[in-house]
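Residue numbers (our numbering), protein chains in the order written: chain G, 8 to 209; chain L, 8 to 209. For each residue, glycine too, the CB sits at the ideal point set by N, CA and C. Notes to accompany the following structure.
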DNA sequence: TTATTTAAGGTACTGGAGTACCCTGTATAA
DNA sequence: TTATACAGGGTACTCCAGTACCTTAAATAA
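Structure, rendered in structure tokens:
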């Protein structure tokens, strides 16, 4: 009846820690979760955790990556830029809604602590490697090939704009992002920016 | 040679605490500042502080309000929309840059700790969003009167866009927001959005 | 098989947040 | 002037983050 016959190592132990983290995250949420509690549930101690992750936020991000929902988004190619954008964002909304849920409150906030107040927007979707940005770039590329856009190149700021807008919308919308909000983003902001024929830099 | 003859109370003590907070904030920055250290410098103890402020962030915000810089921004009216926008943001940048400086790193992060990311952005631009939004509305109104814009009304989302962009830029810029970044925001995004002649909602 | 290296587990420590409790000086009211 | 209420000050406590150091189990190399 000893405590344990085997001493787990490497990946096995890491998995146990991440599983415990995921369990606790779902039980109590990010803010209440402590490293000590994770260690206890995983049947190990703080050291094993601190050897692998610098802080709670990184630990939880790992658990999220392993057990959390994965975005399953197809890049549309309907032959029309506006339609492509609409369909793409429609798919992204559910995932974003989860990432901003109460359960994860405090997580992104912590991730911001060390990287200056910075890159909130980038980091927010950094969890899936600038997925939004890459997809939008692809959609724009398709539009260019069709001749819908006049082969201009877009700045980083413009390429990040869709992610910024949609994340901001998901966040401020409290609940779910509506069709109308999405249409407004696309028609009032994105389309004018992507197809700026009228206005030229002085 | 006793420690102290008088026992300070109320506003006198509060001022001493805020002064100590401000001093320490400038010496070591927000992240390093501790309540205990503030108490020591103020010649009091933690209890007197915790009786007044719930946490470090709120204490520092109070000190900031009392001793920090105040924004002093004039709304320009040069007869040209783009110039107006340029001059306005130029003035706003110094203040925003201070609010997001290393010295204050961690402060906004802490202020957002207990709320979900949802309310985060909302709060983030609540810092100053109204001010920026109101000013931009005024600038747009001037442009309309001059006939620079075709009397269209702008949605909330569009009116909040300048604040969103400039705050995001200040946050992600690490150091100071440059002229170039500002020009990019105005020329690549704001001007096309405000003067969208080419693209029309389907 | 044995020796060596690595990392897990245990224990203990520092230091700050935040709370509790009590004593005492000070302002106010009686 | 004295009694009372309140808030400041002191001390001590719990909890957690994070680090240090030592031991021991397990993987690997010799």
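Just the chain L side, please: which residues come within less than 8 Å of residue i by C-beta, in chain order?
i                      : result
residue 160 of chain G : By Cβ distance, chain L contributes nothing, its closest Cβ being about 11 Å from residue 160 of chain G, past 8 Å.
residue 101 of chain G : Under the 8 Å cutoff, chain L gives no residues; its nearest Cβ is about 15 Å from residue 101 of chain G.
In its own chain, which residues sit with a C-beta less than 7 Å from the C-beta of residue i, not counting the 5 before and 5 after it?
i                      : result
residue 105 of chain L : 76
residue 166 of chain G : 140, 143, 144
residue 113 of chain G : 37, 38
residue 56 of chain G  : 24, 42, 45, 46, 66
residue 15 of chain G  : 23
residue 155 of chain L : 88
residue 20 of chain L  : 51, 55
So for residue i, helix, strand or coil by DSSP?
i                      : result
residue 160 of chain G : coil
residue 83 of chain L  : coil
residue 60 of chain G  : coil
residue 77 of chain L  : coil
residue 191 of chain L : helix
residue 13 of chain G  : coil
residue 107 of chain L : coil
residue 202 of chain G : coil
residue 122 of chain G : Residue placement at residue 122 of chain G is flagged as unreliable, the pLDDT there being 44, under the threshold of 50; the coordinate-derived value follows with that caveat. Three-state DSSP puts residue 122 of chain G in coil, outside helix and strand.
residue 52 of chain L  : coil
residue 185 of chain G : coil
residue 37 of chain L  : coil
residue 31 of chain G  : helix
residue 70 of chain L  : helix
residue 155 of chain L : coil
residue 169 of chain L : helix
residue 113 of chain G : coil
residue 130 of chain G : Because the pLDDT of residue 130 of chain G is 43, which lies under 50, any placement of that residue in the model is unreliable, and the question is left without a value.
residue 136 of chain L : Here residue 136 of chain L scores only 48 on pLDDT, less than 50, and its place in the model is too uncertain to base an answer on.
Quick one: which chain G residues come within Cβ less than 8 Å of residue i?
i                      : result
residue 191 of chain L : 162, 164
For a contact meaning CB atoms closer than 7 Å, what does residue i contact in chain G?
i                      : result
residue 88 of chain L  : Within chain G, no residue comes near residue 88 of chain L; the closest Cβ sits about 10 Å away, beyond 7 Å.
residue 211 of chain L : As shown, chain L starts at 8 and ends at 209. That puts residue 211 of chain L outside it, with no answer to give.
residue 168 of chain L : 196
Name, please, each residue of chain L whose Cβ falls closer than 9 Å to the Cβ of residue i.
i                      : result
residue 171 of chain G : 171, 172, 175
residue 22 of chain G  : Going along chain L, no residue has its Cβ under 9 Å from residue 22 of chain G, so there is no contact; the nearest lies around 28 Å.
Below 6 Å CB to CB, which residues in the same chain sit around residue i once its five sequence neighbours on both sides are set aside?
i                      : result
residue 65 of chain L  : none
residue 124 of chain L : Confidence is the limiting factor: at residue 124 of chain L the pLDDT is only 42, short of 50, which leaves the residue's position unreliable, though a coordinate-based value still follows. No residues qualify anywhere along the chain.
residue 29 of chain G  : 70, 74
residue 98 of chain G  : 80
residue 134 of chain L : Because residue 134 of chain L carries a pLDDT of 44, less than 50, the predicted location of this residue cannot be relied on, and no value is offered for it.
residue 35 of chain L  : none
residue 117 of chain L : 64
residue 192 of chain G : 172
Ordered along the chain, which non-local residues of its own chain (more than five positions away) have a Cβ less than 8 Å from that of residue i?
i                      : result
residue 197 of chain G : 92, 168, 169, 172
residue 41 of chain L  : 63
residue 83 of chain G  : 90, 91, 94, 95, 146
residue 33 of chain G  : 110
residue 194 of chain G : 89
residue 190 of chain G : 93
(request) Spell out a yes or no on whether the stretch 63-74 of chain L and the stretch 17-26 of chain L are touching, meaning 3 or more CB-CB pairs, one atom from each, closer than 8 Å. (result) The stretch 63-74 of chain L, when compared against the stretch 17-26 of chain L, does touch it at the 8 Å Cβ threshold.
(message) What are the residues in the stretch 40-63 of chain L lying within 9 Å of chain G by C-beta distance?
(response) Going along the stretch 40-63 of chain L in chain order, one finds no residue with a Cβ nearer than 9 Å to chain G.
(message) So, does the stretch 80-89 of chain L touch the stretch 145-156 of chain L, judging by three or more C-beta pairs under 8 Å?
(response) Verdict: yes, contact present.
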